[in-house]
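Before any comments, here is the structure.
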Amino acid sequence: MEIQQNEISNKSRKQPLDRIDCEILATLQKNARLSNKELAVKVGLAPSSCLQRVRQLQKDRIIRSFHADIDPAALGIGLQALIAVRMKKHSRQLFKVLRAHLAVLSEVVSIAHISGPNDLLVQVVVRDTNHLRDLIVDQFATRVEVDRCETSIIYDYFRSPVLPKLI
Numbered sequence: 227m228e229i230q231q232n233e234i235s236n237k238s239r240k241q242p243l244d245r246i247d248c249e250i251l252a253t254l255q256k257n258a259r260l261s262n263k264e265l266a267v268k269v270g271l272a273p274s275s276c277l278q279r280v281r282q283l284q285k286d287r288i289i290r291s292f293h294a295d296i297d298p299a300a301l302g303i304g305l306q307a308l309i310a311v312r313m314k315k316h317s318r319q320l321f322k323v324l325r326a327h328l329a330v331l332s333e334v335v336s337i338a339h340i341s342g343p344n345d346l347l348v349q350v351v352v353r354d355t356n357h358l359r360d361l362i363v364d365q366f367a368t369r370v371e372v373d374r375c376e377t378s379i380i381y382d383y384f385r386s387p388v389l390p391k392l393i
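Convert by adding 226 to the 1-based position in the sequence shown; the result is the number in this note's numbering.
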């Protein structure tokens with residue numbers, strides 16, 4: 227995967243990403259567990275210069291975090307679903323209230339505010355269909371902000387570990 231320089235902008239960043247920054251990002255996306263020394267060798271920098279660049283990318287919030295990708299099935303989570311939520315009324319305050327309620331639920335993986343007939347798309351992980359039903363009935367359908375929910379079971383899921391080549 228090749229990230230093209232000058233194609234990524236960040237409002238807080240004074241200069242566009244150069245070739246080395248793009249190489250650092252692409253390399254870390256493939257393996258974020260590399261030591262700074264290993265990363266420096268791969269991108270052709272001195273370790274001190276490499277560390278300085280990584281820290282700047284973090285400061286600029288281009289690199290937001292380093293994290294483990296955990297397999298839900300290995301933890302006994304047998305089902306993933308997407309819940310499309312349509313709000314009864316639209317206001318920033320109602321969105322904030324509902325999002326805050328959903329964000330603390332242990333089953334919720336992500337919440338996206340979307341366009342189209344629905345307003346939110348919520349990804350959840352649950353043990354089974356009974357757990358999913360109880361979650362929807364108890365935590366979604368009973369909310370005054372919610373008009374309706376549509377649920378789709380996720381059969382298979384793929385997430386690319388790297389950013390696509392930017393056009």
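Beta carbons: idealized from backbone N, C-alpha and C, even for Gly.
A distance below 8 Å between beta-carbons, with the five flanking residues on each side excluded, links I289 to the following residues of its chain, in chain order: L251, L254, V280, L283. In this structure V311 is not in contact with L361, their Cβ atoms being roughly 12 Å apart against a cut-off of 8 Å. Membership of H327 in the alpha helix (DSSP H) is indicated by the continuous run 318-329.
Apart from the 5 residues on each side of it in sequence, A266 sits with its Cβ closer than 6 Å to the Cβ of P273, C276 in its chain, given in chain order.
Secondary structure within the region 288-317: the beta strand (DSSP E) runs of 3 or more consecutive residues, fully enclosed, are 305-313 (chain order). Under the DSSP assignment, S336 falls in the beta strand (DSSP E) whose first and last residues are 334-339. With contacts defined as CB atoms closer than 8 Å, A307 and T368 fail to qualify as a contacting pair. When secondary structure is reduced to three states using DSSP, D373 falls in the strand class.
Scanning its chain for C-beta atoms nearer than 8 Å, with the 5 sequence neighbours on each side dropped, one finds around N344 the residues A310, V311, R312, E376, in chain order. If you look at L347, you'll find it in the beta strand (DSSP E) that goes 346-352. Assignment of S378 by DSSP, reduced to helix, strand and coil, places it in the strand class.
Secondary structure of T368 (DSSP, three-state): coil. Cβ-Cβ distances below 7 Å link I337 to R325, L328, A329, L346, V348 in the same chain, with the five nearest sequence neighbours on each side left out; the list follows chain order.
Distance from the CA atom of K315 to the CA atom of E371, rounded to whole angstroms, is 7 Å.
For L243, no alpha helix (DSSP H) encloses it, and the DSSP letter there is neither H nor E.
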